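Residue numbers (this note's numbering), protein chains in the order written: chain A, 254 to 509; chain B, 128 to 698.
These notes are about the structure you will find just below.
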Amino acid sequence: MSTTEKTIVISRFDPDKDEAPYTQEYQVPCDPSWKVLDAVNFIKDELDATVSHRWSCRMAVCGSCGMMVNGEPKLTCKTALDEYGDRVEIEPLANFPVVRDLVVELDGFMHKFESVKPWIKRVKERAEDMENFNEKGTYSQSAEELGRFKQFSMCINCMLCYAACPVVANEPEFLGPAAIALGHRYNLDTRDEGTEERHEIFRGEGTVFSCSYANECSEVCPKGVDPAAAVNQAKFGAVIDWAKGLVLPRAPHAAD
Amino acid sequence: MDVSRHDIVIVGGGGAGLRAAIEAAQNNPGASIALVSKVYPMRSHTVSAEGGAAAVARDDDNLELHGFDTVKGSDFLGDQDAIQYFVQEAPKELALLENWGCPFSRNEDGTVATRAFGGMTTKRTWYAADKIGFHMLHTLFQHSMRFKNIVRYDEYFVSKLLVDDGVCRGVAALDIRTGEYHTILGRGVILTTGGGGKIFPFTTNGTIKTGDGMALAYRAGVPLKDMEFVQYHPTGLPGTGILITEATRGEGGFLRNNQGERFLVEYDYGVGNKAELGPRDMISRAIVQEIEAGRGFKGPYGEYVQLDLTHLGEDKIDSRLPFVRLLAKTYVGVDPVHEPIPIRPVVHYMMGGVDTDINGATELPGLYAAGETACVSINGANRLGSNSLTECLVFGAAAANHAMDFSKGSSDGNEAALTAQAEEEAARVDELRGRKKGGEKISAIRRELNNVMESACGVYREQESMQHGVGAVAQLRSRVADLRLEDDSKVFNTELITALELANMVEVAETLAVSAAHRKESRGAHTCKDFTTRNDDDYLYHTMAYHDAAGPRLGKKDVVLGKWVPEERKY
């Protein structure tokens with residue numbers, strides 16, 4: 254199959270050797286079927302083994318290979334290379350500390366992710382909760398109830414939304430789109446009893462109210478999660494719960 | 128060197144590893160559970176499973192039927208005690224996954240929906256549209272965060288098991304971010320690193336599937352069992368090998384040749400009236416035969432047949448198979464609502480793996496394995512689709528409980544000796560980093576290995592090509608000792624990781640080729656052109672491959688039979 258030569262510009266940085274990131278250009282014979290990731294892999298395999306990047310599934314579900322492509326956050330295994338011209342610039346995801354080359358640090362993201370308590374919270378321990386299960390040992394849930402949160406459960410943690418978010422850029426402590434969408438996903442799940450507690454978290458440090466409705470997160474999301482909608486709904490819920498807290502006694506929190 | 132101590136150490140953060148960690152952490156609140164993975168757990172390849180997970184759920188189903196389907200699917204090489212335990216635990220495990228938040232698709236009455244799958248008598252595959260692996264992995268990972276006694280080592284590459292006084296007591300792990308080695312000690316170690324499909328060129332597997340856990344156990348003297356049995360999934364996208372789930376056929380899809388015929392109906396491929404819902408080994412063979420008979424389509428990435436979903440309609444495809452639609456559009460430019468999807472058989476799963484008993488225990492005290500890494504064996508010579516995710520849960524939990532029991536009765540061992548082993552490993556890997564004196568290129572050896580494995584151990588196999596493959600892989604193993612590496616940096620040196628993975632791949636591939644060449648019969652996924660029938664008189668046993676300096680040394684292990692007596696496998 255005939256290939257087209259493109260100039261692939263890779264952002265390079267090795268903290269042990271470099272004071273600041275710089276760019277390096279590679280001439281790559283690109284197959285028309287290639288995704289952006291294929292070009293980076295070609296460089297790694299054939300031209301320069303020192304280029305560092307993450308990838309795995311190459312089918313848009315593991316979330317490893319997010320990078321900035323010509324300045325926009327993209328899942329590189331899903332992004333066709335022929336959408337771009339002869340020169341393609343690839344950088345690590347914006348708004349994250351860079352570990353090396355195209356590899357960013359996830360510590361802050363993972364901390365935010367865990368902080369919204371992304372698991373089914375129940376007031377009673379499982380053994381005391383059996384009355385809520387059907388004869389198959391599961392909760393019953395209608396297709397409609399599933400539909401309320403399903404979209405927000407589709408996040409692959411690729412972090413493109415953090416790279417796109419203007420608030421994350423200015424307020425690093427902001428919980429951010431994916432973490433809020435995840436917390437909200439559990440709040441909408443009929444099996445969960447942790448909503449009030451998560452709303453408290455949403456009102457705390459990194460508050461959801463920092464969101465400025467830029468909607469960039471939903472525009473770059475490769476899985477159609479629409480985190481901006483989740484953030485908006487979460488803001489509303491967090492306010493209502495706060496107002497209720499002014500007039501009503503607090504219910505006990507569900508156990509972790 | 129940093130040394131940390133835990134009660135048990137789990138290597139691998141996919142379905143089996145996370146399930147093991149949760150089980151150990153929940154049942155032992157005072158214990159410390161290390162979860163070590165070369166990637167962040169949500170990147171694990173469990174994420175890519177699509178169709179569903181099997182467990183009896185319906186009134187027209189029972190454990191007996193699931194058991195027999197699995198035994199028959201295994202071509203009678205599965206161990207029947209393990210299979211009975213598996214089918215009995217399966218419904219409880221999937222119910223737990225539901226209780227933990229997995230967004231399973233639902234019936235109208237609010238119960239979990241089930242769909243048809245290949246080789247299964249009735250609908251027993253629980254599903255979440257066509258992304259069960261993604262949802263299972265994320266549900267487990269998120270649920271695991273409840274447990275503060277799970278200590279994660281994300282992006283740590285384990286390159287050696289630490290063994291003292293004949294007991295496995297920890298691992299030596301490279302922190303990929305810093306390039307520094309860590310000694311992670313525990314009185315029990317569980318391997319849950321998945322399979323090694325990347326030894327083949329055309330595979331559904333992600334790039335991280337390099338057989339690491341299998342190689343770790345093998346080098347520590349634990350045999351790899353039934354390695355010759357490699358599952359070719361019938362429906363992969365040409366070129367990339369991306370998986371198109373069997374659920375497409377469970378939901379009513381057809382396979383067609385270039386005559387427009389449903390060849391599984393028109394010709395006798397042994398699948399009977401199951402047609403497209405026959406087991407994977409038989410359907411992959413049928414596709415290869417159709418292509419050899421001149422009834423395939425020619426394409427830029429080899430010949431293929433078609434998976435036709437057009438009669439299902441847009442609504443059904445969007446509600447049940449939305450990911451398939453996206454994959455087909457994105458990676459082959461086909462919208463399955465309007466056009467058939469080109470597909471061909473693709474390496475998908477290893478039935479073989481680290482030999483364990485029904486509790487996940489290996490021959491090496493203190494070492495356990497579960498999931499695709501392990502061979503218990505419930506899958507025998509051919510796994511039924513949707514059994515493997517459930518296997519991760521059932522045997523992940525079992526291995527955790529048995530490893531925790533073992534750890535309570537075991538001692539810490541000689542910490543100085545264990546740390547010394549880790550120091551030695553760190554020095555070995557340090558020498559490899561940026562090793563300019565070698566002459567062999569990683570990507571070249573990997574390509575050669577891929578080509579050898581495809582020609583030696585494909586859907587159809589022959590003695591001559593298998594024997595040739597055995598010799599070729601042995602040569603590659605010696606060439607791996609002479610790798611040339613360009614990257615001498617410590618921080619996130621992925622070239623170094625790739626070199627370590629390549630060494631694992633070559634060793635796993637060698638056990639596979641040697642085991643395949645020795646089995647002179649056709650059983651399940653191991654199909655020989657020169658030995659076309661199953662031979663229970665001579666080969667109704669598990670193949671055991673032991674590490675030896677000269678290459679794998681083979682042994683045998685009895686198959687655990689039971690109430691299901693081997694019979695001709697016809698559907």
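Beta carbons: idealized from backbone N, C-alpha and C, even for Gly.
For clarity, every value in this text was computed on a predicted model and none was experimentally measured.
Following the DSSP letters along the chain, one finds B/I414 inside the alpha helix (DSSP H) bounded by residues 407–419. Beta bridge pairing from DSSP links B/G682 with B/M671. Secondary structure of B/K287 (DSSP, three-state): strand. In the three-state scheme derived from DSSP, where H, G and I count as helix and E and B as strand, A/P419 is classed as helix.
Apart from sequence neighbours up to five positions away, the residues of its chain that approach B/G333 with a beta-carbon distance below 7 Å are H172, S175, ordered along the chain. Assignment of A/C408 by DSSP, reduced to helix, strand and coil, places it in the coil class. When rounded, the separation of the alpha-carbon atoms in B/P230 and A/R438 is 11 Å. If you draw a 10 Å sphere on the C-beta of B/F381, you find 16 or more other C-beta atoms in it, and that means buried. In terms of beta-carbon proximity, A/L441 stays away from the interface with chain B, with every pair separated by 7 Å or more.
In summary, A/Y466 is exposed, with fewer than 16 beta-carbon neighbours lying within 10 Å of its beta-carbon over all protein chains present. When beta bridges are read from the DSSP output, B/Y476 appears opposite B/Q358.
Between B/A643 and B/M580, the CB-CB gap reaches or exceeds 7 Å.
Looking at the DSSP output, B/I326 sits in no beta bridge, so it has no partner there.
In this structure, DSSP gives A/M321 an extended state, which the three-state scheme calls strand. Legend: CB atoms of the segment 442–464 of chain A lying less than 9 Å from CB atoms of chain B belong to residues D442, R444, D445. For the segment 380–464 of chain B, the continuous alpha helix (DSSP H) assignments of 4+ residues that do not extend past its boundaries occur at 390–393, 407–419, 441–447, 449–459, in sequence order. Residue pairing by DSSP places B/D482 opposite B/C502 in a beta bridge.
For A/G390, the nearest CB of chain B lies under 7 Å from its own CB, placing it at the interface with that chain. The beta carbon of B/G237 falls within 7 Å of a beta carbon belonging to chain A, placing the residue at that interface. Bounds of any beta strand (DSSP E) do not take in B/Y254, whose DSSP letter is neither H nor E. Of the candidates B/I468, B/V349, B/G596, B/I468 places its Cα closest to the Cα of B/T372. Put simply, the CB of A/S255 is far from chain B, with every gap to its CB atoms at 7 Å or more. A/C330 sits in coil when the DSSP states are folded into three classes, being neither helix nor strand. Contact check for A/R451 against A/G436 passes: the beta carbons are separated by less than 7 Å. Counting only Cβ-Cβ distances below 8 Å, B/S175 has contacts in chain A at C310, M312, V314, C315, in chain order. Residue nearest to B/Y428 within the set B/E648, B/V459, B/L436 is B/V459 (criterion: CA-CA distance). No Cβ-Cβ contact shorter than 7 Å links B/W253 with B/A148. Among the residues facing chain A, B/P469 is not included, as its CB has no counterpart in that chain under 7 Å away. In the DSSP annotation of this structure, the continuous segment of the beta strand (DSSP E) that includes B/D129 starts and ends at 129–133. At a cut-off of 7 Å, the C-beta of A/S305 has a neighbouring C-beta in chain B. In this structure, A/A434 sits away from A/F462, with a CB-CB distance that is not shorter than 7 Å.
Secondary structure within the segment 506–559 of chain B: the alpha helix (DSSP H) runs of 4 or more consecutive residues, fully enclosed, are 514–536, 542–559 (chain order).
B/Q207 is classed as buried because its beta carbon has at least 16 other beta carbons within 10 Å across all chains shown.
For B/E150, the enclosing alpha helix (DSSP H) begins and ends at 142–154. The Cβ of B/D206 sits no closer than 7 Å to any Cβ of chain A.
At a cut-off of 7 Å between beta carbons, A/D267 contacts chain B.
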